[in-house]
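First residue of the sequence shown: 466, per our numbering; consecutive thereafter. Built from N, CA and C at the ideal position, the CB exists for glycine as well. This structure is a prediction, so every number in the text was calculated from the model and none was measured. One structure below.
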Amino acid sequence: MDKKGSNSVDKNNMQVLSPLCRIGFGNGQYDGMRAATEQFLVPEGDESPIEPPLRHRGSSRILKILVIDDILDVAEVLCSLLGHLGHTVTSAHSGIEGIELAQEFQPDVLICDIGMPEMDGYEVAQNFRGNNTLKNVFLIALTGYARPDHMERAAESGFDRQLTKPVDLATLKQTLEEVPKASIP
């Protein structure tokens with residue numbers, strides 16, 4: 466931990482986070498994907514643009530990923546991170562909107578928040594599994610709930626994996642590497 470109590474950030478994470486801080490967060494602090502108690506500080510100095518990580522630093526293949534989260538900032542940051550890893554990403558901010566968008570976008574992967582109003586992530590997963598054009602999408606639940614009963618419910622609803630917030634970049638990358646190649650055209 467540094468003197469502000471934040472977790473350290475390795476060079477690969479800083480390459481991803483730094484452009485986000487400069488573009489989207491203005492004051493150089495990033496706290497969107499981790500808990501609000503943690504911040505990533507972008508050092509002052511070199512103003513040369515930071516190159517996005519090369520594909521070999523991200524995923525070994527390009528995936529089409531749909532992010533569904535009712536919290537706009539979380540969806541935007543997650544989309545930016547995934548885009549910097551080389552993936553094609555789009556987002557929706559409700560389950561209903563996400564299902565409609567998925568019909569057109571035809572994602573390889575869905576990353577879906579569980580706790581959303583109107584239609585929660587469990588219902589979204591069930592809808593995907595019951596839809597002939599979406600039933601083979603790799604489903605990742607993104608949730609603040611890590612209790613065994615929540616994990617069981619996510620699996621029963623059709624999710625392939627569950628990630629607990631705050632999710633770190635290494636865990637996210639590893640999970641995306643687990644997407645079966647057979648399910649990607």
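Going by other Cβ atoms of all chains shown within 10 Å of its Cβ, with 16 needed for buried, is residue i buried or exposed?
i, result
"Arg612", "exposed"
"Gln568", "exposed"
"Asn596", "exposed"
"Ser525", "exposed"
In whole angstroms, what separates the C-alpha of residue i from that of residue j?
i, j, result
"Val542", "Thr553", "14 Å"
"Pro582", "Ala619", "17 Å"
"Ile527", "Gly563", "20 Å"
"Asn601", "Val574", "9 Å"
"Leu546", "Met616", "25 Å"
"Asp534", "Asn592", "16 Å"
"Cys544", "Pro572", "13 Å"
"Met584", "Phe624", "15 Å"
"Leu637", "Asp538", "18 Å"
"Ala590", "Ser556", "16 Å"
"Glu643", "Ala540", "22 Å"
"Thr608", "Lys646", "25 Å"
"Asp614", "Arg594", "20 Å"
"Ile561", "Ile536", "15 Å"
"Phe603", "Gly586", "14 Å"
Give the secondary structure of residue i by DSSP, where H, G and I count as helix, E and B as strand, and everything else as coil.
i, result
"Ile605", "strand"
"Leu599", "coil"
"Val539", "helix"
"Asp614", "helix"
"Ser525", "coil"
"Gln571", "coil"
"Leu566", "helix"
"Leu546", "helix"
"Lys646", "helix"
Would you mind working out which of the options sits nearest residue i, comparing C-alpha positions?
i, options, result
"Pro631", "Asn597, Ile527, Leu641, Tyr610", "Tyr610"
"Gly548", "Leu634, Val644, Lys646", "Leu634"
"Thr598", "Leu566, Glu588, Thr608", "Leu566"
"Asp578", "Thr640, Arg594, Ser559, Phe593", "Ser559"
"Leu550", "Ile533, Ile536, Lys529", "Lys529"
"Phe570", "Val532, Ile536, Gly586", "Val532"
"Glu588", "Glu621, Glu642, Ser556, Thr640", "Glu621"
"Thr629", "Val644, Arg594, Thr555, Gly580", "Gly580"
"Gln627", "Arg594, Ile605, Leu641", "Ile605"
"Thr640", "Thr555, Ile576, Ile561, Ser556", "Ile576"
How would you write the range of the beta strand (DSSP E) that residue i sits in, first residue to last?
i, result
"Ala557", "553-557"
"Lys529", "529-533"
"Val627", "Residue 627 is actually Gln in this sequence, not Val. Where Gln627 is concerned, the enclosing beta strand (DSSP E) stretches over 626-629."
"Leu575", "574-578"
Output the boundary residues of the alpha helix (DSSP H) element that contains residue i.
i, result
"Val418", "Within the shown structure, residues of the chain are numbered from 466 to 650, placing residue 418 beyond reach of any answer."
"Lys638", "634-642"
"Gly623", "Neither: Gly623 is in no alpha helix (DSSP H) and is coded neither H nor E."
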